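Participant: With this note's numbering, the residue at position 181 of the sequence shown is 183, and numbering never jumps.
What follows is a structure written as structure tokens; I'll ask about it next.
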Amino acid sequence: MGLKNIDNAAASKGKGLETVWQFVKFIFVSLLAMIVQFALLNILNHVPPIVNLFGTDFKWWVFESPVNMAEGAVIIGGLGYFISNNTANIIAQIVSFFVNRKKTFNSNVNVAITLPIYILFTVALIAFSAWLNPTLQHLFVNKGWMGGDLAANASTMICSAVQFFLYFPFDKILFPKAKETEEAKEETAE
């Protein structure tokens, strides 16, 4: 039983079950995006040009990523952290956009129209995360609860969870289900 057949079976049971099935698929796509984000975050945090920027205080508008010294003189925060965290988040959201559009919501909406709307929403969420993430990271490190890498991952998990619960209803509205032609309905019925 393919994904299309499960989609059709869920749709035939009503909008409620169809939405539950979309949410299940959304969870798996979000896990994929999270894997992309965490892999990139942990790779970028060890790229020498970015690591060199970890010692540079970063403060611009509401975004602040001060440099703190953790145990063992490990530098956390700074411009390097801001760059690695937000680059990983942006790339994860690009992956999420295309996979959710096609696989989760079976939508064929015009990318030229929906992508700019998605980008605006994503920029707003990333801006929120760019403020919240280092705030949480420094809280975790300064209270002595975690080291630098663990604090970076924990704060990224929290921001990812916030984004997850905001993206599903947004994507459901942005990606309406594709209208099936009569021929396609007849083919699935056979």
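Using N, Cα and C, we set each Cβ at its ideal position, and we do this for glycine too.
It should be emphasised that the depicted structure is a prediction, and the values quoted were computed from it without experimental measurement.
1. Grab me the residues of A153's own chain with a C-beta within less than 6 Å of its C-beta, minus the 5 sequence neighbours each way, in chain order.
2. Could you tell me how far apart the beta carbons of T106 and K27 are, in whole angstroms, since I believe they sit closer than 8 Å?
3. Determine contact between the region 50-61 and the region 91-102, defined as no fewer than three beta-carbon pairs at a distance below 8 Å.
4. According to the Cβ coordinates, are A132 and F84 closer than 8 Å?
5. So, using beta-carbon positions, are F170 and F25 closer together than 8 Å?
6. If we ignore side chains and look at the alpha-carbon of each, how far apart do S157 and A129 end up?
7. Within 10 angstroms of the Cβ of A180, are there 16 or more other Cβ atoms? Answer buried if so, exposed if not.
8. Below 8 Å between beta carbons: does that hold for L43 and A90?
9. Identify, in the order they occur along the chain, each residue of the same chain with its Cβ nearer than 6 Å to the Cβ of T116, setting aside the five sequence neighbours on each side.
10. As an exercise, report each continuous alpha helix (DSSP H) stretch of at least 4 residues that is fully enclosed by the region 121-187, in chain order.
11. Are there 16 or more other CB atoms within 10 angstroms of the CB of G146, so buried, or fewer, so exposed?
12. Look at the Cβ atom of V38, then the Cβ atom of V97, and state whether they are nearer than 8 Å.
13. Going by other Cβ atoms of all chains shown within 10 Å of its Cβ, with 16 needed for buried, is I8 buried or exposed?
Facilitator: Taking the definition as stated:
1. Position 151 of the sequence shown holds residue 153. Cβ within range, chain order: Q139, F142 and V143.
2. The sequence position of residue 106 within the sequence shown is 104, counting from 1. The sequence position of residue 27 within the sequence shown is 25, counting from 1. Indeed they touch by this definition, with Cβ atoms about 4 Å apart.
3. Contact between the region 50-61 and the region 91-102 is absent: fewer than three C-beta pairs spanning the two stretches fall below 8 Å.
4. Taking the sequence shown and counting its residues from 1, the one referred to as residue 132 is at position 130. Taking the sequence shown and counting its residues from 1, the one referred to as residue 84 is at position 82. The answer is yes: Cβ separation under 8 Å.
5. The sequence position of residue 170 within the sequence shown is 168, counting from 1. The sequence position of residue 25 within the sequence shown is 23, counting from 1. Result yes, Cβ atoms of F170 and F25 sit closer than 8 Å.
6. One-based indexing of the sequence shown puts residue 157 at position 155. One-based indexing of the sequence shown puts residue 129 at position 127. Roughly 14 Å between the two C-alpha positions.
7. Position 178 of the sequence shown holds residue 180. A180 should be labelled exposed.
8. Translated into positions along the sequence shown, residue 43 becomes position 41. Translated into positions along the sequence shown, residue 90 becomes position 88. For L43 and A90, yes; Cβs fall inside 8 Å.
9. Taking the first residue of the sequence shown as position 1, residue 116 is located at position 114. Cβ within range, chain order: L176.
10. 150-176
11. For the purposes of this step, residue 146 is identified with residue 144 of the sequence shown, where counting begins at 1. So G146 ends up on the exposed side.
12. Start at 1 with the first residue of the sequence shown, and residue 38 comes out as number 36. Start at 1 with the first residue of the sequence shown, and residue 97 comes out as number 95. Yes, the Cβ-Cβ distance between V38 and V97 is below 8 Å.
13. Looking up residue 8 in the sequence shown gives position 6. I8 is exposed by the Cβ-count criterion.
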